[in-house]
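A.B. asks:
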Amino acid sequence: MPSSQPELSMINPNAAGIDLGADYHWVSVPEGRDSECVRRFGCFTADLYAMADWLKQCDIDTVVMEATGVYWIAVFQILETQGFEVKLVNARQVKTVPGRKSDVLDCQWLRQLHRYGLLAGSFRPDDQICVLRSYIRQRDTLIKSASTHIQRMQKALTQMNVQLHRVISDISGTTGLAIIRAIVSGERDLHKLAALKDRRIHASTDEIAAALNGDYRPELVFVLHQELQLYDVFQTQIAACDAEVEACLNQFADRIEVATNPLPAAKRRGKKQPGNAPRFDLRTHLYRISGVDFTHVDGFGVLTVLTLLSELGLDPSKFPSAKHFASWLGLCPGSRITGGKRKSSQTRQVANRVATALRMAAQTLVRSHSALGAFYRRMQAKLGAPKAITATAHKLARIFYHLWTSGGAFVDPGMETYEQQYQERMVKNLKKKAMALGFDLVAKPALPECVS
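Count the sequence shown with full-length UniProt numbering and you get residues 1 to 452, in order.
1) What residue range does the beta strand (DSSP E) around T62 cover?
2) Using the Cβ count rule (16 or more neighbours within 10 Å means buried), how would you classify N12?
3) Identify whether A146 lies in helix, strand or coil by the three-state DSSP scheme.
4) Have a look at the DSSP bridge pairing and note the partners of K382.
5) Work out the CA separation of G32 and A15 for me, nearest whole Å.
6) Would you mind reading off the limits of the beta strand (DSSP E) that contains R40?
7) Identify whether D19 lies in helix, strand or coil by the three-state DSSP scheme.
8) Keeping to the same chain, check which residues put their C-beta closer than 7 angstroms to that of G270; ignore five residues upstream and five downstream.
9) In the DSSP assignment, find the unbroken beta strand (DSSP E) run with H202 in it and report its ends.
10) Which residues in the same chain have their Cβ closer than 7 angstroms to the Cβ of N213, if we skip the five residues on either side of it in sequence?
11) Based on the DSSP output, what are the partners of S344 in its beta bridges?
12) Can you list, in chain order, the residues of its chain whose CB lies under 8 angstroms from that of Q154, leaving out five sequence neighbours each side?
13) Taking the alpha-carbon positions, what's the A74 to L263 distance?
14) I need the boundaries of the beta strand (DSSP E) containing L88, first residue and last residue.
15) Would you call A194 buried or exposed, if buried means 16 or more other Cβ atoms sit within 10 Å of its Cβ?
16) Pairing CB atoms from the stretch 246-264 with CB atoms from the stretch 120-138, are three or more of them under 8 angstroms?
17) Buried or exposed for Q120, please, with buried defined as at least 16 other CB atoms from any protein chain shown within 10 angstroms of its CB.
18) Just grab the DSSP bridge partners of residue 453 for me.
19) The alpha helix (DSSP H) with L230 in it runs from where to where?
20) Given this structure, state the Cα-to-Cα distance separating A149 from A391, to the nearest angstrom.
21) Just to check my reading of the structure: residue 475 and F325 have Cβ atoms closer than 8 angstroms, yes? What is that Cβ distance to the nearest angstrom?
22) Rounded to a whole number of angstroms, what is the C-alpha to C-alpha distance between D298 and L365?
23) What's the C-alpha gap between A203 and L177?
24) Within 8 angstroms, do at least three Cβ pairs link the stretch 436-446 to the stretch 378-393?
25) Apart from the five residues on each side of it in sequence, which residues of its chain come closer than 6 angstroms, Cβ to Cβ, to V86?
26) Excluding sequence positions up to five away, which residues of its chain have a Cβ less than 7 angstroms from the Cβ of L230?
27) Would you be able to state if there are at least three C-beta pairs under 8 angstroms between the stretch 20-29 and the stretch 37-46?
28) Which whole-angstrom value describes the C-beta separation of L142 and F234, a residue pair presumed to lie in contact below a C-beta threshold of 8 angstroms?
29) Run through DSSP, which three-state label would G32 get?
30) Would you say R181 and Y216 are within 8 angstroms of each other, going by their C-beta atoms?
31) Within 10 Å of its beta-carbon, does K395 have 16 or more other beta-carbons around it, so buried, or fewer, so exposed?
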């Protein structure tokens, strides 16, 4: 008997598929649009524009391609500027669709799947956000490179038995760099070196002088000098990158007028900014372009918010709900069910900069006197630190999504309120269990206070 199932309807009749490569790209269009339905184009810019012209001649509206290294970026941007709807798909998703014939090229298979709407495009923010994202990623790379030279300076100091890290918390801070610069300049008087300490340093001058008593070998001082110079080079590059970031942020449209709706007072007054924080008023820029002060959420500093907005953008419409957002981040519990039984609820392994930033923010809540801090500590005692970090990052993602979509201000209920609500839920569940077993749960009467 013939099958009664309806055939798949064609959703994208004017679709094309591109198989990307390092040297050339294969492009497939529907049959009948040209004498050759498959063409090969080079990777030079002129070839990419020729590809766009040929796709226009073939009346193509939408194009699909696999994510291959960084080769897709130039093709994606040129085709998008030429007016095509471009979808970037994960190669893993394409491989899970069965039915491919061996004589079909990759570009033809991609076009066929996209023709029937079987491929979902990867998330990519608008072009203005992509520009900001490039600056932020470059800044992060520079900071990581600078940290490498800090570690090498520490190694040289340790080899000379200069125990500077024992008396100050950060050798790249004001006091640490002042002492290191004096050492490479030839100063060996311990008390003169110790006198360079900042007034906020708790260690005394004598303690710092004792820690600086070491074996200043010339070759190790030379290594220390070179690593200090390289560190300064990266600091100069970071400052230049910050200038570009500020200029880029100035080009964003105002979502809220700061003059009529001033920025709320900072939640963490007097707290020292991270050493790698920009030297301009980043918090005001983020509030102006997003309309929300995300830094009022516990665990969210200005650098964390900058990372989130530079990776996600300002338009949350790509994620229909908070559940979709958490699933894309790989922070929600998994759902691996076989035969009606749940085999595993482990979260998916996802390489996502937003999820990493949320996990880093969750780790800072270990000593926070807030509802989020209380939640993290309860999850840590119940499930252990790794799962507590994921659970708290999931909660932070949902809070961020709510503020991202609806605006408004975040109000922390407080650690005491959270503990009280948790206790009330526990009592309610215990009463249900007792009632199901035929018992009544009665609260123990409070003991009278003793009067002395």
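Even for Gly, the Cβ is constructed at its ideal location relative to N, Cα and C.
C.D. replies: On the basis of the data shown:
1) T62 to E66
2) buried
3) helix
4) Residue pairing for K382: DSSP places it in no beta bridge.
5) 13 angstroms
6) V38 to G42
7) If DSSP states are grouped into helix, strand and coil, D19 belongs with the strands.
8) Confidence at G270 is low in this model, with a pLDDT of 49, below 50, so its placement is unreliable and no value can be given for it.
9) Premise fails: H202 is in no beta strand (DSSP E) and is neither H nor E.
10) The answer, listed in chain order, is L190.
11) R336
12) H165 and I171
13) So the alpha carbons of these two residues sit roughly 39 angstroms apart.
14) That run of the beta strand (DSSP E) goes E85 to V89.
15) buried
16) yes
17) Just to set this straight, residue 120 is Ala in the shown sequence, not Gln. By the neighbour-count rule (16 or more Cβ atoms within 10 Å), A120 is not buried but exposed.
18) As displayed, the chain neither begins before 1 nor continues past 452, which places residue 453 out of reach and without an answer.
19) P218 to N250
20) In the sequence as displayed, the identity of residue 149 is His instead of Ala. Rounded to the nearest angstrom, the two C-alpha atoms are 35 angstroms apart.
21) Residue 475 lies beyond the stretch modelled for the chain, which goes from 1 to 452, so this question has no answer here.
22) D298 and L365 have their alpha carbons spaced roughly 7 angstroms apart.
23) Taking the straight line joining both Cα atoms gives about 16 angstroms.
24) no
25) V63, F76, L79 and E80
26) Sequence-distant partners of L230 (beyond 5 residues in either direction) whose C-beta falls short of 7 angstroms from its own C-beta, in its chain, are H149.
27) yes
28) 5 angstroms
29) coil
30) no
31) buried
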